[in-house]
Structures are given as C-alpha cells and as structure tokens.
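Our numbering numbers the first residue of the sequence shown as 13 and each following residue consecutively.
Positions of the beta carbon are idealized from the N, C-alpha and C atoms, including for glycine.
Computed from a predicted structure; not experimentally measured.
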Amino acid sequence: PNPANARAAYIPPLRESFVMDLRPKILVIIGAALCALLIAAANFAGLLLARVIDREGEFALRAALGASRGQIVRQQLIQALFIALVGTALGLLVASFITPALFALSPEGADATGSAMREFDYAARLDLPVFAFAAGMMALVGLGFGLLPALRASRTDLRGAMSVTSRGATLDRSARRLLGSFVVIELAIAAALLTASVTATQYFRKLIEEPWGFETKHRLAFSVTVPDRFFPTATAKQNALETSLAQLHTMPGVKSATVVSPSPMDASWTLMLFNAEGAPAPEPRGVYTAYSRVPVPGYFQSMGQALLQGRDFNAGDTADAPLVCIISKSIAQRFWPKDSPIGKRIRWGRLDGTRPWFTIVGVVGDMKAIADPRDGEVLGMIARPLAQMLVHASTLLDDITFVLHTDGRSVNEASIRAALARANVNLAAYNFVSLEDAAARSRTTERFIFVLVSAFGLIGLVLAAVGLYGLLALQVARREREFGIRSALGATARQIIQLIARQGAMLLSLGFTAGALATYGVVRLVKNQWAEMPAPNLIACICAAIVLGIAVMIACWLPARRAARVDPVIALRAE
C-alpha cells in the first residue's frame, strides 16, 4: 500500500527490490571510507609540508641558481604523485589479500530462510574498473593535497632560508599553524569515526541480543506445498497436514512438531491489514498493519512463545466455529492498555469492508521478524487458526512451514522426507533451514557494516596518531638547541616532557572539539539515510575520547622522550 493514497498501490522497481534497505547502509560504509581517506590525505599533505620545511634551504638555493617557481612546483607535484601512486599500488596489493576475508564476513546473498537470487551475478570483486578508480582517486589526492606544500616550496626566501638553516632554528608561526591545522583535522575526523564506531557497537549489540520472542535453538524448519490439484478441499489439506505431523512426532530425536504459515521469521509478504473494535481507523490508509501467523494448536508452546493471557488455539477452533485470533502483547497495549483484550474483536481489512471479525482469545509475547523496512509501522502479530484460514483464505496458504524441535543430532533431511512420504506421497519438503542459523544470519549485514566502520575508525586513529607524531618529531628536531639550553639552565627531563605533552594536549582538545561538531554533522547525515541508528550518547563520546587520548599519548611520548634526552653539551657544540 501507498501511505500517501489509501486506494493506491506501489510497485517497486526490480533494482529496488534487490537492494531493499541496503542503500543507506552502503552510504554509511562509503562515508566512513571517505573519512579515512580525508585523514590519510591530511596526513599526506602534512608530511609533505614537513619535508618541504626541512628542505627550505635547498629550495632557496635552487631558486638562487635560476630555478623558476613553476619548475619547483612541478617537481614537488611529480614527487607527490609518485608517492601517491606507489602507495596506491601497495594498497591494492594489500586489498587483494584482505578482500577474501571481507567476503567471508559479508552477507552471503541469501536471506535468513535460505533462498537466494543465485541466477543474478552481483558479487563484488577486484577488477580493472576498481583498480582504475583507486588509481584515479589517489592521483587526485596526490595532486590536490600536494599542491599546498609545492606552493610553499616555491615561495622560499633565500635570505630567510639561509638564516634558519642552522640546527637550532625553530619553525615559524605560519608553518606551525599550517602543520597543526592538518593534525587537528585528522584528530577531528578520527574522533568522529571513533564515536560513530562506538555508537554502532552499542546499536548492533542491542540488535544481536534482542530476543526473538520464541526459541530458535534446535528448531529445524522446512516448507511444503498443498496444491489444489492434490488437495482440492480445506478438509483434505488439513488431514494431510495432521497426518504428517503425527508421522513426524514418531521420528527419533523429535521432541515436538508444529505447523505455521509463513516461516516463523518471515514477515515481508505476510502482513495483515486490520482494524480494532472501538478504535478509529488511521488516516490516510484506513488500516493498521501487523505480521500474520496461521498456526495449528500447540504452535506457541512448541516454539516457546509465552502465552500471557487467555488460551491457545484448540481442536474446537474449526471452520464452523466462531472466528478467533491471538494477538501479541504490543497490539494489546496499543488498543487496550488498561483493559483486557480477551473478548474484543479485530476486523480483517477496513472497518467498512466485508471481511469478517475475529474474536481475541489469547495474548502472547512479542516476536521479532525479518522484515522489509518499506512496510512502515508494524504494530505486532496476529495469529489465526489454520483450520479456519484454510476455508476463509486458502489462497494465502500455498506454502506451509513445519517446525521441528529436535535433539540437535538425530534428525536430517532424508529422514524427514521419508516420514512425509509415509504420511502422504504428494507432500515434498524443501527449503530446510535451522532457525538458530537463520537468526545468526539475519544480522549479517549489520555485523559487516560494524566491522568495516570499526576498521575505518582504527585506520583513522592510527593515521591521526602518525600525523601528530610527525609534527612533534619535526618540532623536537628543530628545537634541539632550545632544549639543550633549557637543560643547561636547570630544566628537568620531566619539565621538557610536559612541554611537549602540552602541545599534544592542546592539539587533542582542538581536534576533539572540532570532532564533536563533525560528529553532529555525521549523525545528521546517517540518520537521514538510516533512521534506526541512534545518536551518540555520553558513553560513546567518553570511550572515543579515551581511545583517542591514549593514541595521542603514545604519539607524544616518543618525541617528548627524545627531547628530554638532549645533551646540552652536544646541542650547544653543534652550533
């Protein structure tokens, strides 16, 4: 149904049917990859700039000997492009080894019930277009982010460069600000990525640990069809299913057997449109939506789904008996929060329609299903007895699912097919699936996204730490004479380490402040594409700050220790 028009229907394009809700998740992965690329690009530019600053005397001498600014810029851009392309080649080599491992973690192309569109080839692979895209992107990064260091190299002043060529010369203010800005950018993006990674961890952990509402362990499901040419009447279909259940109950290792339509975890094509007695019809559609289940008596007990109020279906709920249904707890709380729903009625379809009313006889615990997010708000589950639905809606029950509670060892597909053949030769079992495995596979996509986002966050963290280390190491190298004088005047190693650590802490505070703003923007973009993703909470921000702080401490420690070990005699003698 189209939410904008109660009388219209929406037919999705074939591409949308395949992709379903993957588009926003793919955009999240691309966004994380772009963040890591920006950190790498800023790191690349910062290291090139540090190299240019360290060679200012050389560039000044080149200019004095007649080299034009264009020649110096061209030389630096060629060097930057060469470094970028060599890095690309190494990256593609590493990717060729990592990609199979990523494919092992990625969704298998099959849904949780085991079916797959295997006739369509949509597998990702490393091929020529991927290599060309990577090389082109890195060439743009090399030229774009190498331009600023190249321009600085071409503007080197001969007199100024010659006056600071000594070992004790410090970085000028513009160089410190420029290098510091690159580090702040890296730290800000790394902070945003880390916060997003922790938030994703919390979200996916909640998804994975969320109970299904029924037992999946040692439950084996398979499907059968009851076509009209073999079972022309509702009675014939019911007799065939009951005979099959009785035969399956006698199998060694089977603790219980039950029947339901559709499979317990399916949802996308089994929605029931309904209205509740005494509740106004919603606008503009005129109907509410719930997951539909059509089980036999004893289904909820066999599946371990708790009966909270009323009764289960029984042998008296036949086609000639009053129509009854069982609802989930969420529907009961939605329409009758302060009253018992037992005895209330639900109408299948619109209030002004011709479909029958169903009397509520029981309430069970809520269940989870593998749903299509395009279904919109689904209020819960409504179950109607199989014996009644075979008469009133037999066309909706072409596929029937058997669920066996087994000991986990003795039952296999061959023995099940043999038991069905003894019950009725016209029943064929197919689409075997363990509900436990299906439950594990149902969040494969989310787990894969979590792994990728976390990996990009880790890469960004390492790159940001390397960038900070490079900046501080350059400053320490240029300030050795200063540190030697400080030591000669009585400064302790601890005081010198604190001096370097304060610089790192200042950059960290600026980076994390900018990262908070970046995180806010990232969250807005993600929630526009993926509404279920929560905003980062205080725990996520604190965890990201701690991890980033530890990385900054490590990056600061090595240059600080080197500064503290400067021998004042050697430092002053070098002048």
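- Within the model, the alpha-carbon separation for Thr211 versus Ala165 is close to 42 Å.
- Counting C-beta pairs with one atom in each stretch, the segment 205-219 and the segment 430-439 have fewer than three that are closer than 8 Å, which means they do not touch.
- For Phe370, the enclosing beta strand (DSSP E) starts and ends at 369-376.
- Of all alpha-carbon atoms in Leu550, Thr228, Pro368, Pro580, the one lying nearest the alpha-carbon of Ala500 is that of Pro580.
- One alpha carbon belongs to Leu138, the other to Ile38, and they sit about 17 Å apart.
- Between Phe495 and Ala572, the CB-CB gap reaches or exceeds 8 Å.
- When the alpha-carbon of Leu199 is set against those of Trp569, Pro548, Ile497, Ile471, the nearest one is in Ile471.
- Contact annotation: Val375 and Val40 have beta-carbon atoms that are not nearer than 8 Å.
- Of Ala477, Arg63, Thr413, Ala528, the smallest CA-CA separation from Val272 is found for Thr413.
- A residue is called buried once 16 or more other Cβ atoms fall within 10 Å of its Cβ, and Glu492 is buried on that count.
- Rounded to the nearest whole angstrom, the C-alpha separation of Ser314 and Trp348 is 27 Å.
- Excluding residues up to 5 positions away in sequence, Ala203, Leu206, Thr207, Val210 lie with their Cβ nearer than 7 Å to the Cβ of Ala556 in the same chain.
- Excluding residues up to 5 positions away in sequence, Arg357, Arg359 lie with their Cβ nearer than 6 Å to the Cβ of Trp369 in the same chain.
- In the three-state reduction of the DSSP assignment, Ser340 falls in the strand class.
- Contact holds between the segment 421-434 and the segment 255-271, because three or more Cβ pairs, one in each stretch, are under 8 Å apart.
- Of all C-beta pairs linking the segment 399-408 to the segment 322-338, three or more are shorter than 8 Å, placing the two stretches in contact.
- Sequence-distant Cβ neighbours of Asp411 in its own chain, meaning closer than 7 Å and more than five residues away, are Ser235, Thr237, Ser273, Pro274.
- Fully contained in the segment 409-483 are the following beta strand (DSSP E) runs of length 3 or more, in chain order: 411-418, 442-446.
- Residue pairing by DSSP places Ala288 opposite Ile358 in a beta bridge.
- Taken through DSSP and simplified to helix, strand or coil, Met393 comes out as strand.
- For Lys380, there is no enclosing alpha helix (DSSP H), since its DSSP letter is neither H nor E.
- When the five nearest sequence neighbours on each side are left out, the beta carbons in the same chain lying within less than 7 Å of the beta carbon of Ile51 are those of Glu198, Ile201, Ala202, Gly472, Leu475, Ala476, in order along the chain.
- In the structure shown, Gly328 adopts coil according to DSSP, grouped into three states.
- Unbroken beta strand (DSSP E) stretches of 3 residues or longer found wholly inside the segment 161-245: 231-237, given in chain order.
- Judged by pairs of C-beta atoms under 8 Å, the segment 245-259 does not touch the segment 458-468, as fewer than three such pairs exist.
- DSSP places Ala576 inside the alpha helix (DSSP H), whose first and last residues are 550-576.
- For the 8 Å CB-CB criterion, Asp364 and Ser340 do not form a contact.
- Between Leu416 and the set Leu391, Thr371, Ala318, Glu448, the nearest pair of CA atoms involves Glu448.
- It is roughly 6 Å from the alpha-carbon of Ala344 to the alpha-carbon of Pro353.
- Contact annotation, Gly154 with Leu519: C-beta distance approximately 25 Å; criterion of less than 8 Å not satisfied.
- Across the set Phe71, Leu102, Ser427, Ala151, the C-alpha of Phe71 shows the shortest separation from the C-alpha of Ile84.
- Excluding its 5 nearest sequence neighbours in each direction, Gln88 has C-beta neighbours in its own chain below 6 Å: Ala162, Ala165, listed in chain order.
- Residue nearest to Val308 within the set Ala269, Met545, Gln515 is Ala269 (criterion: CA-CA distance).
- Cβ contact annotation for Ala552 (same chain, cutoff 6 Å, sequence separation greater than five): Thr207, Val210, Thr211, in chain order.
- Closest in C-alpha terms to Ile509, from the list Ser466, Ile566, Ala547, Val463, comes Ile566.
- For Phe145, the closest alpha carbon among the candidates Ala318, Thr301, Ala395, Leu104 is that of Leu104.
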